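A.B. asks:
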Amino acid sequence: MVSKKLIRLGLHLLLLLPLVELVWQAIQLSQGLESRLGADPGKIILEDLATISVWLLLASLAVTPIRKIFHWSLIQSYRRMLGLHAFSYMTLHILSYQAFLLGWDWAELGSEIINRPYILLGLIAWVICLAMAMTSYKWAMKKLGRNWLKLHQLVYLAAILIIIHEIWQAKSALGEPLIHAAILLVLLSVRGYFKIIKRSRTGSASI
Ligand code: HEM
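For the sequence shown, our numbering begins at 177 and goes up steadily by one.
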């Protein structure tokens, strides 16, 4: 039987593949060879990193519903890995914006945050995810106790802010952002459903 460690390693490598592909495309472009990054590589890289990140975030949010619906407890151990990879890609998305579109001009980033509300929403979402990434280890779990769960439940707020950020900047190309929004809505509904079931069970148990 394939060991858990091997599956983890395989998943890590799989999750790194999109980044490797982007680096490969950038190298091709720098050598004057054919590359899908085209005439505006910075923008394509920024968008690709963002899209990968949203899919990984949604995948990490889908883990608990999948575990509950299919009684598949093994999947739970991969939630943190998916969340951390999502966080890495969203950080690279922000860095690529800073590098390719703003030329590392931090003052410009400040004025973008003030003048474009969708950027502010993205930043708030990222700060929430940063707090979660920094406390995703066992020692933090022990230290924070019940507050750990409260903090980590903010992931749903972060996801909502990210989808608004995505839809807001999309202008006319709303296809993928709306698919993301629909998936998030389903995940939130499933979560709500399980919460109601749990409450009614504990309620009837205490009668
Ligand atoms: C300070 C924080 C952030 C900044 C400055 C920022 C910047 C941007 C910009 C400028 C765009 C528009 C790109 C374009 O014109 O095509 C964009 C799109 C997007 N951002 Fe962010 N972002 C931030 C945070 C986030 C976070 C945390 C996420 C989470 C995944 C995210 C996900 C997205 C997505 C999905 C898109 C749409 C990409 C596409 O068009 O395919 N952003 N972001």
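Note that beta-carbon positions come from the ideal geometry of N, C-alpha and C, so glycine has one too.
These numbers come from a predicted model, not from an experiment.
Look up His247 in the DSSP assignment and say whether it is helix, strand or coil.
C.D. replies: Coil at His247, not helix or strand.
A.B. asks: Mind checking whether the beta-carbon of Ser229 lies closer than 7 Å to any heavy atom of the ligand ATP?
C.D. replies: With respect to the ligand ATP, the structure shown offers nothing to examine, as its ligands consist of the ligand HEM.
A.B. asks: Rounded to whole angstroms, what's the CA-CA distance from Ser249 to Leu325? Just pull it up for me.
C.D. replies: The alpha-carbon atoms of Ser249 and Leu325 are separated by roughly 19 Å.
A.B. asks: Around the C-beta of Glu342, are 16 or more other C-beta atoms found within 10 angstroms, so that it is buried, or is it exposed?
C.D. replies: Buried is the call here.
A.B. asks: Between Ser206 and Leu337, what straight-line distance do the alpha-carbon atoms span, to the nearest angstrom?
C.D. replies: Straight-line Cα distance between these residues: approximately 35 Å.
A.B. asks: From Gly218 to Ser272, what distance separates their C-alpha atoms?
C.D. replies: Approximately 7 Å between the Cα atoms of the pair.
A.B. asks: Is Glu342 near the ligand HEM, going by C-beta to nearest heavy atom under 7 Å?
C.D. replies: Indeed, a heavy atom of the ligand HEM lies less than 7 Å from the Cβ.
A.B. asks: Report yes if the C-beta of Gln345 is less than 7 Å from at least one heavy atom of the ligand HEM; otherwise report no.
C.D. replies: Checking every heavy atom of the ligand HEM against the Cβ of Gln345, one is found closer than 7 Å.
A.B. asks: Report yes if the C-beta of His269 is less than 7 Å from at least one heavy atom of the ligand HEM; otherwise report no.
C.D. replies: Answer for His269: yes, Cβ within range of the ligand HEM.
A.B. asks: Using a threshold of 7 Å, is the CB atom of Leu222 nearer than that to any non-hydrogen atom of the ligand HEM?
C.D. replies: Leu222: yes, Cβ under 7 Å from the ligand HEM.
A.B. asks: According to the Cβ coordinates, are Leu258 and Ile304 closer than 8 Å?
C.D. replies: The answer is no: Cβ separation not under 8 Å.
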